[in-house]
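Visitor: One structure, as structure tokens, below. Some questions next.
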């Protein structure tokens, strides 16, 4: 599992020993304050935060890149599902599609999505991090971790799993900015 972003893919998960907390954040990274968006969709909305599907997070406006989000949302549709599956993949007969972005943003249960979303999430995260560093913006806290980079590298390198396989478990996060 990723810290602050519970997005995992059983078929491509791996640990990265020696890289956990020993590396420093990039020089352009600006540390922020923790839990600005609370711990629930209602608290996040009350705090003026925005839901970012591509990070599956409620983010403070100062961490949200609306221009980049718009570009990646156009690559959809992005389908999310509820499922009680205990297997590495949620099969079609085991899942119920969540009908809208609004419904996804309010889901407090474990969700599932396909590997394609996971790949795009990783690409989005890297672009978001790079744009934040170049511009001196704050960034969502899990993007600044080397663990996230290692996890996404493993996800992209694993070409044995079809992009349409619903193997990615997702929980909404409320990261620091």
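In the working numbering, the protein residues as written are 445 to 621. Note that beta-carbon positions come from the ideal geometry of N, C-alpha and C, so glycine has one too.
(1) If you reduce the DSSP assignment to three classes, tell me which class residue 557 lands in.
(2) Out of 595, 514, 578, 569, which has the shortest C-alpha to C-alpha gap to residue 585?
(3) Name the DSSP bridge partner or partners of residue 526?
(4) Let me know if residue 511 comes out buried or exposed under the rule of 16 or more other beta-carbons within 10 Å of its beta-carbon.
(5) Straight-line CA distance for residue 614 to residue 500?
(6) Determine the direct distance from the alpha carbon of residue 595 to that of residue 603, and round the result to whole angstroms.
(7) Helix, strand or coil for residue 501, going by three-state DSSP, please let me know.
(8) So, does the stretch 545-554 touch the stretch 563-581, judging by three or more C-beta pairs under 8 Å?
(9) Taking the alpha helix (DSSP H) that residue 598 belongs to, which residues open and close that run?
(10) Given that a residue counts as buried once 16 or more other Cβ atoms are within 10 Å of its Cβ, and exposed if not, what is residue 531?
(11) Measure the CB-CB distance between residue 526 and residue 554 and report whether it falls below 9 Å.
(12) Which same chain residues end up closer than 7 Å to residue 571 when comparing Cβ atoms and leaving out the 5 residues on each side of it in sequence?
(13) When DSSP labels each residue in this structure, what does residue 494 get in the three-state scheme?
(14) For residue 498 and residue 565, which I take to be in contact (beta-carbon distance under 8 Å), what is that distance rounded to the nearest angstrom?
(15) Using DSSP with H/G/I as helix, E/B as strand and the rest coil, what is residue 605?
(16) Hey, would you say residue 583 sits closer than 9 Å to residue 621, going by beta carbons?
(17) Who are the Cβ neighbours of residue 502 in its own chain at under 6 Å, not counting the five residues just before and after it?
Guide: Let me spell this out:
(1) In the three-state DSSP reduction, residue 557 falls in the strand class (E or B).
(2) Closest option to residue 585, Cα to Cα, is 569.
(3) Answer is 540.
(4) Counting Cβ neighbours within 10 Å, residue 511 comes out exposed, since fewer than 16 surround it.
(5) For the pair residue 614 and residue 500, the Cα-to-Cα distance works out to about 8 Å.
(6) Going by the C-alpha atoms only, they are around 14 Å apart.
(7) Secondary structure of residue 501 (DSSP, three-state): strand.
(8) In this structure the stretch 545-554 does not lie against the stretch 563-581, because fewer than three pairs of beta carbons, one per stretch, are closer than 8 Å.
(9) In the DSSP assignment, residue 598 falls within the alpha helix (DSSP H) that extends over 590-601.
(10) Result: exposed.
(11) By the CB criterion at 9 Å, residue 526 and residue 554 fall inside the cutoff.
(12) Excluding sequence neighbours, residue 571 sits near 512.
(13) Note: residue 494 maps to strand in three-state DSSP.
(14) About 6 Å; that satisfies the 8 Å criterion.
(15) In this structure, DSSP gives residue 605 a state outside helix and strand, which the three-state scheme calls coil.
(16) Yes, the pair counts as a contact, with Cβ atoms nearer than the cut-off.
(17) So the list reads 481, 488, 493, 495, 618, once near-sequence residues are dropped.
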